[in-house]
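Contents: one structure, followed by commentary.
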Amino acid sequence: MAQRIVVIGGGAAGIGAAGAAKAVDAAADVRVYTEFEDVGYSPCGIPYVHGKEIPDFERLFLATKEAYAGQGIDIHYETRATGFGGFDLTVDDRESSGGTGTGPMPTEYLLAAMASCYALALAWAAGKRGITLPGLAVTATGTYDGPRFSRLQLDVQSDAPPGLVEPLVEPALRVCYVSNTLATSPPVEVTVASS
Ligand SMILES: Cc1cc2nc3c(=O)[nH]c(=O)nc-3n(C[C@H](O)[C@H](O)[C@H](O)COP(=O)(O)OP(=O)(O)OC[C@H]3O[C@@H](n4cnc5c(N)ncnc54)[C@H](O)[C@@H]3O)c2cc1C
Numbered sequence: 574m575a576q577r578i579v580v581i582g583g584g585a586a587g588i589g590a591a592g593a594a595k596a597v598d599a600a601a602d603v604r605v606y607t608e609f610e611d612v613g614y615s616p617c618g619i620p621y622v623h624g625k626e627i628p629d630f631e632r633l634f635l636a637t638k639e640a641y642a643g644q645g646i647d648i649h650y651e652t653r654a655t656g657f658g659g660f661d662l663t664v665d666d667r668e669s670s671g672g673t674g675t676g677p678m679p680t681e682y683l684l685a686a687m688a689s690c691y692a693l694a695l696a697w698a699a700g701k702r703g704i705t706l707p708g709l710a711v712t713a714t715g716t717y718d719g720p721r722f723s724r725l726q727l728d729v730q731s732d733a734p735p736g737l738v739e740p741l742v743e744p745a746l747r748v749c750y751v752s753n754t755l756a757t758s759p760p761v762e763v764t765v766a767s768s
């Protein structure tokens with residue numbers, strides 16, 4: 574399956590990242606979402622246009638739309654990214670923790686991501702073997718240890734006999750993106766930018 578890379582913003586960073594991703598993995602499904610009708614505009618050149626060293630603003634576009642399409646970069650123009658997959662997510666905290674209690678906590682989203690991803694993985698693993706899992710439900714539980722979870726537990730329920738479900742546990746873990754990510758904990762990198 575081709576790796577999907579989604580880039581928000583078609584400025585220097587965004588279009589550079591998209592091009593670099595394609596250079597590293599030509600088969601990758603690289604998508605750029607930009608609010609504007611164009612990408613790859615170089616604001617650094619603006620003073621040079623005013624100084625008449627560059628004849629016009631059109632020259633400040635690094636490449637044409639056709640050139641990006643030719644590179645296989647799928648650019649969605651005039652599209653503002655407002656949430657994951659086009660959906661808005663409400664995140665809040667308990668009132669006792671300074672929130673307003675109007676939405677799930679971030680850690681609840683983490684557990685929901687685990688449970689839902691693993692449920693999809695189980696259904697996929699079952700489907701590959703021609704099995705259906707009626708009444709499938711996956712619950713994720715986290716055990717707090719200070720500001721982290723020290724234990725994560727997935728519980729699977731289904732109307733199918735346990736002997737049918739158990740052989741699917743490992744194959745499903747292998748294709749569960751969320752479990753795989755948590756199991757090998759990538760470093761968390763933080764960047765700061767002005768809005
Ligand atoms: C006049 C001028 C001269 C400059 N000269 C120099 C120079 O000489 N040297 C230098 O190093 N730098 C220079 N800079 C700065 C340089 O242009 C910027 O640092 C660079 O453009 C930043 O690129 P970026 O991709 O990080 O951010 P941006 O160019 O800000 O691009 C981010 C893009 O993401 C889009 N976006 C954000 N959120 C969303 C969303 N939710 N959905 C869709 N799209 C979204 C924004 O609309 C924007 O187009 C200059 C800037 C100006 C204005």
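Terminal number for the sequence shown in our numbering: 768, no gaps in between. All C-beta atoms, glycine included, are put in the ideal place defined by N, C-alpha and C.
So, are the CB atoms of residue i and residue j less than 8 Å apart?
i, j, result
"Ile-646", "Val-605", "yes"
"Ala-688", "Val-664", "no"
"Asp-661", "Thr-655", "yes"
Nearest to residue i by alpha carbon, out of the options?
i, options, result
"Arg-721", "Phe-634, Leu-755, Gly-624", "Leu-755"
"Val-603", "Glu-626, Ile-619, Ala-575", "Ala-575"
"Leu-683", "Leu-725, Gly-587, Thr-655", "Leu-725"
"Arg-632", "Cys-617, Gly-643, Ala-642, Gln-644", "Cys-617"
"Arg-709", "Lys-638, Asp-718, Cys-690, Pro-759", "Reading off the sequence shown, one finds Leu at residue 709, where the question assumed Arg. That would be Cys-690, whose Cα lies nearest to the Cα of Leu-709."
"Lys-595", "Pro-734, Gly-643, Glu-639, Leu-706", "Gly-643"
"Ile-581", "Glu-608, Val-664, Val-761", "Glu-608"
"Gly-584", "Gly-592, Val-597, Tyr-614", "Tyr-614"
"Thr-637", "Ala-766, His-649, Asp-611", "Asp-611"
"Ile-648", "Val-765, Gly-587, Val-761", "Gly-587"
"Pro-707", "Val-763, Thr-714, Ala-692", "Ala-692"
"Leu-635", "His-623, Ala-766, Gly-589, Ala-593", "Gly-589"
"Thr-705", "Gly-719, Pro-734, Thr-714", "Pro-734"
"Tyr-641", "Glu-743, Pro-744, Ala-591", "Ala-591"
Ordered along the chain, which non-local residues of its own chain (more than five positions away) have a Cβ less than 6 Å from that of residue i?
i, result
"Tyr-621", "Ile-627"
"Ala-600", "Ala-575"
"His-686", "Correcting the residue identity first, residue 686 is Ala in this sequence and not His. Closer than 6 Å at the Cβ level, and outside the excluded window around Ala-686, lie Val-751."
"Val-748", "Ala-694"
Starting from the C-beta of residue i, find all residues in its chain whose C-beta is less than 7 Å away, skip the five residues before and the five after it, and write them out in chain order.
i, result
"Ser-723", "Thr-716"
"Asp-666", "Gly-672, Met-678"
"Pro-744", "Ala-698"
Any heavy atom of ligand 3 closer than 7 Å to the CB of residue i?
i, result
"Thr-764", "Only ligand 1 can be found as ligands here, which leaves ligand 3 out of the picture."
Is it true that the stretch 684-704 meets the stretch 667-674, where meeting means three or more beta-carbon pairs spaced less than 8 Å apart? No, the stretch 684-704 is not in contact with the stretch 667-674.
Is the stretch 729-737 in contact with the stretch 673-685, if contact means three or more CB pairs nearer than 8 Å? Per the Cβ contact rule, the stretch 729-737 is not in contact with the stretch 673-685 (fewer than 3 Cβ pairs under 8 Å).
With three or more beta-carbon pairs closer than 8 Å as the criterion, would you say the stretch 738-757 touches the stretch 698-714? yes
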